[in-house]
Amino acid sequence: MKLSVIIVNYNVTQLLRNCLASLRKYLPETGCEIVVVDNASADSSWRELIPEFPEVLFISSETNDGFAKANNKAVNAAKGEYILLLNPDTELEGFYMNEILDFAVSQKNFGCLGVRMHDAEGRFLPESKRSVPDMFNSFEKLFTNFKKNSSKSYYRFDIDQQAVAEVEVLTGAFLLIKREVYEDVGGLDESYFMYGEDIDLCYTVLRKGFRNFYYGKASILHHKGESTVKDEVYLERFYGAMHIFIDKYYKRSKPLQYSFLKAGLNLRHKIEKIKLK
Numbered sequence: 000m001k002l003s004v005i006i007v008n009y010n011v012t013q014l015l016r017n018c019l020a021s022l023r024k025y026l027p028e029t030g031c032e033i034v035v036v037d038n039a040s041a042d043s044s045w046r047e048l049i050p051e052f053p054e055v056l057f058i059s060s061e062t063n064d065g066f067a068k069a070n071n072k073a074v075n076a077a078k079g080e081y082i083l084l085l086n087p088d089t090e091l092e093g094f095y096m097n098e099i100l101d102f103a104v105s106q107k108n109f110g111c112l113g114v115r116m117h118d119a120e121g122r123f124l125p126e127s128k129r130s131v132p133d134m135f136n137s138f139e140k141l142f143t144n145f146k147k148n149s150s151k152s153y154y155r156f157d158i159d160q161q162a163v164a165e166v167e168v169l170t171g172a173f174l175l176i177k178r179e180v181y182e183d184v185g186g187l188d189e190s191y192f193m194y195g196e197d198i199d200l201c202y203t204v205l206r207k208g209f210r211n212f213y214y215g216k217a218s219i220l221h222h223k224g225e226s227t228v229k230d231e232v233y234l235e236r237f238y239g240a241m242h243i244f245i246d247k248y249y250k251r252s253k254p255l256q257y258s259f260l261k262a263g264l265n266l267r268h269k270i271e272k273i274k275l276k
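Going left to right, the sequence shown walks through residues 0 to 276 as numbering that gives the first Met the number 0 numbers them.
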């Protein structure tokens, strides 16, 4: 088995249906499998997809223990040499998976790979290519709208959207990784319930000496935000994930950056909570 596509579903049956239809259309006919974990959805309509997509392995989780844990569970059930973590609110847009896999095989110390993403209006999504958060680019991300063309900027606007280039951080909406690398780094850190685990994975892969790539020659549609309710629970999970990351990597090794980042995150979190009222 060359490729295992891993999808975690939570209350987004129609988006998942569209995602699976795109995989059926564009994945290579052989050497691929699809594993879907339903993360204890309140909406049981996802079960209607089981007879509709008999080629897919569906796994039902009795409890929602978070995105990272569900992905790790699915990877354990998968057989592929390469793992593709894919959001249910995405759709493939071409016959490019063999090309991407060939590229991955050709790269020395291959770690992770992501592709160009756009929303339903065709707008490019800058989280397709990012840098590891630090004191400077985090301030830029949290408090400004300035699009800085720098290799140290949080969003890598210095890299053309259609380019193929090394980057530090990709998004978990489409993240290809070799299985042995995934296992070497311990998979997704289950300390994260939702959000941040993709940044952590990419950074851990880099720290292990592997290389991450943005592959702008391939694109996916990402219905960004349609599966997320932006409420106080969302804010707690999102900013909580960022605190986990900086506690893990900056608290001891970079105390000055740690203090700055903690203060910045707390301030931005308060601002976002006020906006909800």
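The beta carbon of each residue, even a glycine, is placed where N, CA and C say it ideally should be.
These figures come from a predicted structure and were not determined experimentally.
Quick one: grab the DSSP three-state call for D37. strand
What does the Cβ neighbour count give for E98, buried or exposed, with the cut at 16 atoms within 10 Å? exposed
With a CB to CB cut of under 6 angstroms and the five nearest residues on each side skipped, what residues in its chain are close to Q13? none
Bridge-paired residues (DSSP) for T89: Answer is H221, bridged to T89.
Locate the alpha helix (DSSP H) running through K107, then write down its first and last residues. Segment: none, K107 is in no alpha helix (DSSP H) and carries neither H nor E.
Which class does G65 belong to by DSSP, given the choice of helix, strand or coil? coil
In terms of residue numbering, what span does the beta strand (DSSP E) encompassing F57 cover? 55 to 60
Are the C-beta of R115 and some C-beta of chain C separated by less than 7 angstroms? Absent here is chain C; the protein component of the structure consists of one chain.
Quick check on the DSSP output: the beta strand (DSSP E) that includes N8 runs from which residue to which? Annotation: the continuous beta strand (DSSP E) that includes N8 extends over 2 to 8.
For V166, which three-state DSSP category applies? strand
Rounded straight-line distance, which links the Cα of G110 to that of E54: 28 angstroms
What residues in its chain sit with their C-beta under 7 angstroms from that of F209, if we drop five residues either side in the sequence? N108, F109, G110, V180
Pairwise C-alpha distance: Y238 and G274: In the sequence as displayed, the identity of residue 274 is Lys instead of Gly. Cα to Cα, the separation comes out at about 15 angstroms.
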